[in-house]
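Residue numbers (the working numbering), protein chains in the order written: chain H, 476 to 689; chain W, 476 to 689.
No residue lacks a Cβ here, since even glycine has one placed at the ideal position from N, Cα and C.
Here the structure is a predicted model, which means the values were calculated and not measured.
Only one structure is covered here, and it is reproduced in the block below.
Number of protein chains: 2
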Amino acid sequence: MADPVPLTLTTDVVPFAIRTERLEVLLVGRSVDWRLPGGPIEPGEDLDVAARRHLAEQTGLCQVYLEQLYTFGQPGRAAGQRAVTVAYYALVPAGSLSGDPVPLADRTGWAMVDALPTLVLDHAKIVALARRRLASKLAYSTIVLQLMPERFTLSELQTVHETILGEPLDKRNFRKRILALDCIETTGEMAQRGGRRPARLFRAKHPGQVDFVK
Amino acid sequence: MADPVPLTLTTDVVPFAIRTERLEVLLVGRSVDWRLPGGPIEPGEDLDVAARRHLAEQTGLCQVYLEQLYTFGQPGRAAGQRAVTVAYYALVPAGSLSGDPVPLADRTGWAMVDALPTLVLDHAKIVALARRRLASKLAYSTIVLQLMPERFTLSELQTVHETILGEPLDKRNFRKRILALDCIETTGEMAQRGGRRPARLFRAKHPGQVDFVK
DNA sequence: TTGCAATAGTGTCAAATTGACACTAACATA
DNA sequence: TATGTTAGTGTCAATTTGACACTATTGCAA
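In structure tokens:
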């Protein structure tokens, strides 16, 4: 059906997480420049599997939510060679970050999505597209739960929404809407943090599953 | 950044059009089986350009709306070899079909999307995904205009919606909604077809442009 | 010329949804 | 026990959505 075309086929992953009430991206550094975790797709390897593998190898992150974003192949995106990359984004639950990630290759670092360092190639464009996709998916899916720890309060969930959307939300309307989606349930436990009224802890009804709503 | 991986990188395009009040897909035939138009991406060729080129070469269609859909790369989707395809869908305006297309390679044929013949590889899956994407985009964009001829009546536009969604719509509510979008305008002309009241002809305010709405 | 068949075109009202808005409750600490 | 801090809760107006039926205009046939 087709002649083989010599080229470089890679995946790149935009790993998002909420850290200290900011949306951040995990980058890996090779020599001077920062880039997204990713790399070549092996023969016989599924695209999703390759993305997941590079993410795990380079950052230690595994069991995250992963979704294909877009495939970039402008000639000239890589100097000299023909490079096509299948871009993904990953959502890292806040709870699964045990301090800083284990860098199995090079150094890694979280960067605020609004204040990225210079990235190689068109990686900044990839991050920008992923950010827009994530923000728009908040409106019509339960995807935000993939960024939450196993148990969380409604206030925490609201803060995550506000962080991603970049605008404050009304507390009562937010709670009404979220609870009406029927995607989270109370655990019966309370969050105990000093000096204020404890909040009820919730969890996703279907962890790992993203539903479309409305 | 990555070692070269030997593989076959292709594009496949799902060309949609409305024909006789049905959503149809243009297929090309090589020997016995039908497949989507597409083929290898040349070195130095942009992905979108490659998709557009194969579509034109194999079906004669050009100047259509084209959008990247998804990249498929399951090992085993092509027997023996490692085949990755960047899938697109194209929307063909009803007016631009001068009878049957000019087959520059092999034979071509339109097939109803609900009654496809057997397709090679996973092309049926690609069509199914494209159909879902198209249907969902109706709700929040002006994409449907890409399927319309230059001038069209509101009834024709409504029929196209109904065809894609597979359900009847209320005439008055439909017109209210479409006109509120402010994406079409009257031409001042009337459609003259025998035996009934003529309808006003409309055109897209921004042809070739797809806006997000709501 | 008149009637008929066929499609175009138009508005209202009830129901549901959205969005603005402010106070009390519970806890830790001083 | 007073204070600071966050959790938690309901109403009402405005807007949006969705159900619903009749008149208008044309070509053609009787």
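For chain W, check one thing: does any of its Cβ atoms lie closer than 8 Å to the Cβ of H:T546?
Taking CB atoms only, H:T546 has a neighbour in chain W less than 8 Å away.
So, with DSSP's three-state summary, where would you put H:M476?
Per-residue confidence for H:M476 stands at a pLDDT of 45, beneath the threshold of 50, marking its modelled position as unreliable; no derived number is given.
Buried or exposed (CB count within 10 angstroms, at least 16 for buried), H:H681
An exposed status is given to H:H681, since fewer than 16 other beta-carbon atoms sit within 10 Å of its beta-carbon.
Closest by CA to H:A614, which one among H:R626, H:H598, H:L596, H:H636?
The residue with the shortest Cα to Cα distance from H:A614 is H:H636.
Counting only beta-carbon atoms, is H:G519 nearer than 8 Å to chain W?
Closer than 8 Å to some Cβ of chain W, the Cβ of H:G519 qualifies, so yes.
Minimum Cβ-Cβ distance from H:Q549 to chain W less than 8 Å
It does: the Cβ of H:Q549 has a partner Cβ on chain W nearer than 8 Å.
Starting from H:V567, follow its DSSP beta bridges and name the residues at the other end.
Partner(s): H:A492.
So the candidates are W:I516, W:L632, W:H598; which of them puts its Cα closest to the Cα of W:A553?
Of all alpha-carbon atoms in W:I516, W:L632, W:H598, the one lying nearest the alpha-carbon of W:A553 is that of W:H598.
Element boundaries [beta strand (DSSP E), containing W:A586]:
Taken as a continuous stretch (DSSP letters only), the beta strand (DSSP E) holding W:A586 covers 582-587.
Using the Cβ count rule (16 or more neighbours within 10 Å means buried), how would you classify H:I493?
The residue is buried, with at least 16 neighbouring Cβ atoms inside 10 Å.
Which residues in the same chain have their Cβ closer than 8 Å to the Cβ of H:A605, if we skip the five residues on either side of it in sequence?
Close CB contacts of H:A605 within its chain, under the 8 Å cut and outside five residues either way in sequence, are with V489, F491, L544, A562, Y564 (chain order).
Just list the residues that DSSP pairs W:G513 with in beta bridges.
Listed as beta-bridge partners of W:G513 by DSSP are W:D487.
Have a look at H:L502, H:V685, H:T661, H:L498 and flag the residue whose alpha-carbon is nearest the alpha-carbon of H:P592.
Per the Cα distances, H:L502.
Under 7 Å between beta-carbons, which chain H residues line up against W:R582? List them in chain order, please.
Those do not exist, as W:R582 stays about 16 Å from chain H at its closest Cβ, beyond 7 Å.
Going by the beta-carbon positions, is the gap between H:R510 and H:L644 smaller than 8 Å?
At the C-beta level, H:R510 and H:L644 stay beyond 8 Å of one another.
Comparing alpha-carbon positions, which option in W:P624, W:I639, W:G641, W:R607 lies nearest W:V539?
The closest CA to that of W:V539, considering only W:P624, W:I639, W:G641, W:R607, is found on W:P624.
How should W:D478 be labelled, buried or exposed, when 16 other C-beta atoms within 10 angstroms of its C-beta is the threshold for buried?
Low per-residue confidence applies at W:D478: pLDDT is 42, beneath 50, and the placement is therefore not dependable, though the value from the model is reported in the following sentence. It is exposed - the Cβ of W:D478 has fewer than 16 other Cβ atoms within 10 Å.
Would you call W:A679 buried or exposed, if buried means 16 or more other Cβ atoms sit within 10 Å of its Cβ?
By the neighbour-count rule (16 or more Cβ atoms within 10 Å), W:A679 is buried.
Report buried or exposed for W:R557, applying the criterion of at least 16 other Cβ atoms within 10 angstroms of its Cβ.
W:R557 should be labelled buried.
Taking all protein chains shown into account, do 16 or more other C-beta atoms lie within 10 angstroms of the C-beta of H:E684, making it buried, or fewer, making it exposed?
The identity of residue 684 of chain H in the sequence shown is Gln, whereas the question assumes Glu. H:Q684 comes out exposed.
Nearest to W:P515 by CA position, among W:V507, W:G663, W:T485, is which residue?
Looking at W:V507, W:G663, W:T485, the one whose alpha-carbon comes closest to that of W:P515 is W:T485.
Classification of W:V480 by the beta-carbon crowding that lies within 10 angstroms, buried from 16 upward
Legend: pLDDT at W:V480 = 40, less than 50; position of this residue unreliable, value from coordinates given subsequently. Burial state of W:V480 is buried, judged by a 10 Å Cβ sphere holding 16 or more other Cβ atoms.
Count the other CB atoms, across all protein chains shown, that sit within 10 Å of the CB of W:E664; report buried if there are 16 or more and exposed otherwise.
Exposed.
Helix, strand or coil for H:A526, going by three-state DSSP, please let me know.
DSSP, reduced to helix, strand and coil, places H:A526 within a helical segment of the structure shown.
Just to confirm, are H:L676 and H:F627 a CB contact at a threshold of 8 Å?
It is a contact, given that the beta carbons lie within the stated cut-off.
For H:G548 and W:V524, I'd like the C-alpha separation in whole angstroms.
Roughly 10 Å between the two C-alpha positions.
What are the start and end residues of the beta strand (DSSP E) that includes H:V507?
Careful: H:V507 lies outside any beta strand (DSSP E) and carries neither H nor E.
Starting from W:Q543, find everything on chain H with Cβ-Cβ shorter than 7 Å and list it in chain order.
Here the neighbours are Y545, T546.
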